[in-house]
Amino acid sequence: MTHQISIVGLDGSLSDQSTSLQALQIALAGAEATGAAVTMLDTKELDLPMYAPDLPAPPEALRLAELISQTDGLIWSSPIYHGTISGSCKNALD
Numbered sequence: 201m202t203h204q205i206s207i208v209g210l211d212g213s214l215s216d217q218s219t220s221l222q223a224l225q226i227a228l229a230g231a232e233a234t235g236a237a238v239t240m241l242d243t244k245e246l247d248l249p250m251y252a253p254d255l256p257a258p259p260e261a262l263r264l265a266e267l268i269s270q271t272d273g274l275i276w277s278s279p280i281y282h283g284t285i286s287g288s289c290k291n292a293l294d
């Protein structure tokens, strides 16, 4: 039996008209067309609080960590603000 590759995509834009989200959707559609199982996550919907190491991890952070630990690949899509990725993407990385 062949293992189906799984890909998690994470959109780091908070804009309703995000071109980063559109790019991620295209990339995930391409992965899906080759037989991958894809899951898309949107930082707007994850509702992750700012990382605080002294507090217990919130359920959404645990869900994100669980998905990432079980996937074969990640595709992150973020707008570039002031020469770097968005704050919501940075927070999800933390």
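Just so you know, we're using this note's numbering here: the sequence shown kicks off at 201 and counts up by one. Backbone N, C-alpha and C define an ideal beta-carbon position, used for all residues, glycine too. In this text the structure is predicted, and so the values were computed from the model without any measurement.
- Here DSSP, grouped into helix, strand and coil, assigns LEU267 to helix.
- If you look at ILE226, you'll find it in the alpha helix (DSSP H) that goes 219 to 233.
- Contact check for SER277 against ALA236 fails: the beta carbons are separated by 7 Å or more.
- Three or more Cβ pairs closer than 8 Å define a contact, and the region 249 to 266 falls short of that threshold against the region 218 to 233.
- Take GLN204, set aside five residues on each side of it, and the residues of its chain with a beta-carbon closer than 6 Å to its own are ALA237, in chain order.
- Only residues of its own chain outside the window of five on either side were considered, and among them SER206, ILE207, VAL208, THR239 have a CB closer than 8 Å to the CB of THR271, listed in chain order.
- If you draw a straight line from the Cα of LEU246 to the Cα of GLN225, it comes to about 17 Å.
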